[in-house]
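A.B. asks:
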Amino acid sequence: MVIKDIQRFSDVRYKARAYLCYIFERNIPNRLPGANLQNIKDGFDKVVHEIENFDAFYILDKNGVQVENALSTKKEYCVGAGENRANKAYYYSTVKLRRFFLSDPYPSVLDGKLCVTASMPVYNEKNELKFIACIDISLENILSIVDSGGIERHFGNFLKSVYTLFCGSLFMICAFLFWHGVKSFISHTSNIQIEQIFESTIILTLALAIFDLVKTIFEEEVMGKNHDETSVVYKTMVRFIGSIIIALAIEALMLVFKFAITSPENIINAIYLIGGVALLMVALSFYLISVKKQDR
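Just remember that the numbering used here sits 714 ahead of the position in the sequence shown, which is counted from 1.
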């Protein structure tokens, strides 16, 4: 469940950051004359009415030291005055970026559960850093805050069901091709011919290409594994097109042998197929070079 929640947070992180940043900037004065603790605490009082499910509010000075005990609805969380938080990611990231920052999930020192910290730098009218306003929210609560609406959630489940059906259908085709390819080869072991070997190889290669496609679709759309999008598309394209090229190349080689023996006048068709395979290889090479240049 924890891993799943972290994955969900990764998916909605930008939405959560945008929402919390909007709440902070609307309620906490910034880059105004007389930046002081009371102004920030007054802003916290307004934020409380919009973000009810929070763990604690607290304020750091420009050196990362907590200036007062945290503000919280739970008395046991109202602690921390004088603690040095300069080594925390939410402090030095906020100072470095000079803007609102939302941390990765980490174990809270308050209750040991996973939480995230949203922090915003507070400057005076001279653009000098004075304080950093922070709020700790449990991972469970931040997910509930930015949870999608019912229609979007049901539509997402519907899409997963559709992808599952397509993956199941494609896997059945893949299994049939695999069974047919193995059966075709085994049934001719006593009187094996080159043509049967080529045919079985082509069928098994296509089965492998379809299986790899099914695996990628199921992991990405159903299981929700969030791999690097460019890397996934890159690998899937290379594997799938590569498998098709191998299958077509074997088919072209088989036709060359067949026409050379039985009907030499039709060998031009095999040459056309070889030319098509060559064009596919050139296109794939161009794609690989383009992706590598883009990565650089």
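We treat Cβ as the ideally placed atom computed from N, Cα and C, and that holds for glycine. All of these numbers come straight from a predicted model, not from anything done at the bench.
Is the stretch 884 to 901 close to the stretch 846 to 865, with three or more CB pairs under 8 Å?
C.D. replies: Touching, no.
A.B. asks: To the nearest angstrom, report how far apart Glu943 and Pro978 are at their CA atoms.
C.D. replies: As a working note, residue 943 is residue 229 in the sequence shown. As a working note, residue 978 is residue 264 in the sequence shown. Confidence at Glu943 is low in this model, with a pLDDT of 49, below 50, so the placement of that residue is unreliable and no value is reported for it.
A.B. asks: Count the other CB atoms, across all protein chains shown, that sit within 10 Å of the CB of Ala770; report buried if there are 16 or more and exposed otherwise.
C.D. replies: Walking along the sequence shown from the start, residue 770 turns up at place 56. So Ala770 counts as buried.
A.B. asks: Rounded to whole angstroms, what is the Cα-Cα separation between Asp665 and Met968?
C.D. replies: The question about residue 665 has no answer here: the residues shown for the chain are numbered 715 through 1010.
A.B. asks: By DSSP, does Lys972 sit in helix, in strand, or in coil?
C.D. replies: On the sequence shown, residue 972 is found 258 positions in, with the first residue counted as 1. Residue state, collapsed to three classes: helix.
A.B. asks: When you compare only the Cα positions, how much space is there between Thr831 and Phe869?
C.D. replies: To locate residue 831, count along the sequence shown from 1; it is residue 117. To locate residue 869, count along the sequence shown from 1; it is residue 155. Whole-angstrom Cα-Cα distance: 31 Å.
A.B. asks: With a Cβ-Cβ cutoff of 8 Å, do Ser807 and Phe814 count as a contact?
C.D. replies: As a first step, residue 807 must be located in the sequence shown, where it is residue number 93. As a first step, residue 814 must be located in the sequence shown, where it is residue number 100. Contact: no.
A.B. asks: Distance check for Ile924 and Tyr877, CA to CA, integer angstroms please.
C.D. replies: What you label residue 877 is simply residue 163 of the sequence shown in a count that begins at 1. What you label residue 924 is simply residue 210 of the sequence shown in a count that begins at 1. Spanning the two alpha carbons is a distance of roughly 15 Å.
A.B. asks: Could you give the DSSP three-state label for Asp775: helix, strand or coil?
C.D. replies: Against the sequence shown, residue 775 aligns to sequence position 61. Residue state, collapsed to three classes: strand.
A.B. asks: Do the CB positions of Ala961 and Leu927 come within less than 8 Å of each other?
C.D. replies: Here residue 961 refers to the residue found at position 247 of the sequence shown. Here residue 927 refers to the residue found at position 213 of the sequence shown. Going by C-beta atoms, Ala961 is not nearer than 8 Å to Leu927.
A.B. asks: Please work out which residues of its chain come closer than 6 Å, Cβ to Cβ, to Phe899, disregarding the five sequence neighbours upstream and downstream, and give them in chain order.
C.D. replies: Start at 1 with the first residue of the sequence shown, and residue 899 comes out as number 185. Within the same chain, Phe899 has close Cβ partners Ser914.
A.B. asks: Between the C-alpha atoms of Gly757 and Ile742, what's the straight-line distance to the nearest angstrom?
C.D. replies: Locating residue 757 in the sequence shown gives position 43, where the first residue counts as 1. Locating residue 742 in the sequence shown gives position 28, where the first residue counts as 1. Going from the Cα of Gly757 to the Cα of Ile742 covers about 5 Å.
A.B. asks: What residue ranges within the stretch 779 to 829 form continuous alpha helix (DSSP H) runs of no fewer than 4 residues, ordered along the chain?
C.D. replies: Complete alpha helix (DSSP H) runs here, min 4: 803 to 811.
A.B. asks: Leaving out five residues before and five after Tyr733 in sequence, what residues of the same chain have Cβ atoms less than 8 Å from its Cβ?
C.D. replies: For this step, residue 733 is matched to residue 19 along the sequence shown. Only Ile859, Val860 meet the Cβ criterion.
A.B. asks: Whole angstroms is fine: what's the gap from Asn983's alpha carbon to Val1005's?
C.D. replies: The residue given as residue 983 occupies position 269 in the sequence shown. The residue given as residue 1005 occupies position 291 in the sequence shown. If you take the alpha carbons of Asn983 and Val1005, they lie about 33 Å apart.
A.B. asks: Is it buried or exposed, Phe1000, if we count other Cβ atoms within 10 angstroms and call 16 or more buried?
C.D. replies: By 1-based counting over the sequence shown, the position of residue 1000 is 286. Exposed is the call here.
A.B. asks: Tell me whether Glu943 sits in a helix, a strand or coil according to DSSP, three-state version.
C.D. replies: On the sequence shown, residue 943 is found 229 positions in, with the first residue counted as 1. Reliability of the predicted coordinates at Glu943 is poor, the pLDDT of 49 falling under 50, and the value obtained from them is presented with this limitation in mind. Helix.
A.B. asks: Look up Asp861 in the DSSP assignment and say whether it is helix, strand or coil.
C.D. replies: In the sequence shown, the residue the question calls residue 861 occupies position 147. Asp861 falls in the coil class under three-state DSSP.
A.B. asks: Roughly how many angstroms lie between the CA atoms of Glu965 and Arg731, to the nearest whole one?
C.D. replies: Within the sequence shown, the letter at position 251 stands for residue 965. Within the sequence shown, the letter at position 17 stands for residue 731. If you take the alpha carbons of Glu965 and Arg731, they lie about 54 Å apart.
A.B. asks: Return the first residue and the last residue of the alpha helix (DSSP H) that Ile737 is part of.
C.D. replies: On the sequence shown, position 23 is the one that residue 737 refers to. Its alpha helix (DSSP H) spans residues 716 to 741.
A.B. asks: Gln752 to Ser724, Cα distance in whole Å?
C.D. replies: Indexing the sequence shown from 1 puts residue 752 at position 38. Indexing the sequence shown from 1 puts residue 724 at position 10. Gln752 and Ser724: Cα-Cα distance of roughly 34 Å.
A.B. asks: Which residues does DSSP list as the beta-bridge partners of Met834?
C.D. replies: Taking the sequence shown and counting its residues from 1, the one referred to as residue 834 is at position 120. DSSP lists Ala847 as partners of Met834.
A.B. asks: Skipping 5 residues on each side, what residues in its chain have a beta carbon closer than 7 Å to that of Asn798?
C.D. replies: One-based indexing of the sequence shown puts residue 798 at position 84. Excluding sequence neighbours, Asn798 sits near Gly778, Val779.
A.B. asks: According to DSSP, which residues form a beta bridge with Ala770?
C.D. replies: As a first step, residue 770 must be located in the sequence shown, where it is residue number 56. Per DSSP, Asp850.
A.B. asks: Counting C-beta neighbours from all protein chains within 10 Å, is the total for Asp850 16 or more, i.e. buried, or is it exposed?
C.D. replies: Here residue 850 refers to the residue found at position 136 of the sequence shown. With 16 or more other Cβ atoms within 10 Å, it is buried.
A.B. asks: Buried or exposed: Phe932, going by 16 or more other Cβ atoms within 10 Å of its Cβ?
C.D. replies: Within the sequence shown, residue 932 is the residue found at index 218, counting from 1. By the neighbour-count rule (16 or more Cβ atoms within 10 Å), Phe932 is buried.
A.B. asks: Classify Phe1011: buried if its beta carbon has 16 or more other beta carbons within 10 angstroms, exposed otherwise.
C.D. replies: The chain is shown from 715 up to 1010; residue 1011 falls before or after that span and cannot be answered.
A.B. asks: For Lys789 and chain B, any beta-carbon pair shorter than 8 Å?
C.D. replies: The chain inventory of the structure shown lacks chain B, comprising one protein chain alone.
A.B. asks: DSSP three-state label for Pro978, please.
C.D. replies: On the sequence shown, position 264 is the one that residue 978 refers to. In the structure shown, Pro978 sits in a helix (DSSP, three-state: H, G or I).
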